[in-house]
């Protein structure tokens, strides 16, 4: 199966055309999905018998910097029966970094979304338990943002970088 075949199936199932973009600079090549369509695209990728992307292996946050004023969320999917991988990317406005959860589609998204929230501050709306997973609950800021200013002290302990 080729990426173009996947796009055709998605466009037919969702009754939309030209709403997906191919990012050939990504490795693997990624499909850029509008944030408003992420859930429906993921639902089709998981449920359609011709696709059956049964595994979400990773969700990664990407900070494109203050100048670009955007974040990206990359979803790495794999179809075990069809031996095909796919990366989805969603581009979010830095000032309103929110996207719907997909933790009800792939259970592994639960902790991946929490990690992305914890380190980038991207909110996954509808997530059943969106709280910090790696850092203490009272940690200030999001350390993988390019504009992050680390605390000099945390609970009286000097934080060194």
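In the numbering used here, the protein residues as written are 21 to 181.
Ideal placement from N, C-alpha and C gives every residue a C-beta, glycine not left out.
Report yes if the CB atom of residue i is closer than 9 Å to the CB atom of residue j, and no otherwise.
{"i": "residue 74", "j": "residue 99", "result": "yes"}
{"i": "residue 79", "j": "residue 133", "result": "yes"}
{"i": "residue 125", "j": "residue 66", "result": "yes"}
{"i": "residue 53", "j": "residue 109", "result": "yes"}
{"i": "residue 34", "j": "residue 43", "result": "no"}
{"i": "residue 77", "j": "residue 128", "result": "yes"}
{"i": "residue 55", "j": "residue 164", "result": "no"}
{"i": "residue 180", "j": "residue 171", "result": "no"}
{"i": "residue 86", "j": "residue 169", "result": "no"}
{"i": "residue 68", "j": "residue 29", "result": "yes"}
{"i": "residue 162", "j": "residue 140", "result": "yes"}
{"i": "residue 57", "j": "residue 36", "result": "yes"}
With a threshold of 8 Å on Cβ separation, who are the neighbours of residue i within its own chain once the five nearest residues in sequence on each side are excluded?
{"i": "residue 101", "result": "72, 74"}
{"i": "residue 145", "result": "118, 119, 120, 121"}
{"i": "residue 23", "result": "42, 49, 51, 106"}
{"i": "residue 90", "result": "84, 111, 112, 113, 114"}
{"i": "residue 93", "result": "79, 80, 81, 82, 109, 110, 112, 119, 136, 142"}
Could you tell me the boundaries of the alpha helix (DSSP H) in which residue i lies?
{"i": "residue 139", "result": "129 to 140"}
Kindly indicate which three-state DSSP category residue i falls into: helix, strand or coil?
{"i": "residue 178", "result": "strand"}
{"i": "residue 118", "result": "strand"}
{"i": "residue 161", "result": "coil"}
{"i": "residue 172", "result": "coil"}
{"i": "residue 146", "result": "coil"}
Assuming residue i is part of the beta strand (DSSP E), what are its boundary residues?
{"i": "residue 25", "result": "Careful: residue 25 lies outside any beta strand (DSSP E), inside the alpha helix (DSSP H) at 23 to 34."}
{"i": "residue 106", "result": "104 to 113"}
{"i": "residue 97", "result": "90 to 99"}
Within its chain, find whatever has a CB closer than 7 Å to the CB of residue i; leave out the 5 residues flanking it on each side and keep chain order.
{"i": "residue 104", "result": "21"}
{"i": "residue 138", "result": "152, 153, 154, 155"}
{"i": "residue 62", "result": "122, 125"}
Within the same chain, show all residues whose beta-carbon is closer than 6 Å to that of residue i, passing over the 5 residues directly before and after it, in chain order.
{"i": "residue 157", "result": "none"}
Within the segment 44 to 75, ranges of the alpha helix (DSSP H) (whole runs, at least 4 residues):
Contiguous alpha helix (DSSP H) elements confined to the segment 44 to 75 occur at 58 to 67, taking only those with 4 or more residues.
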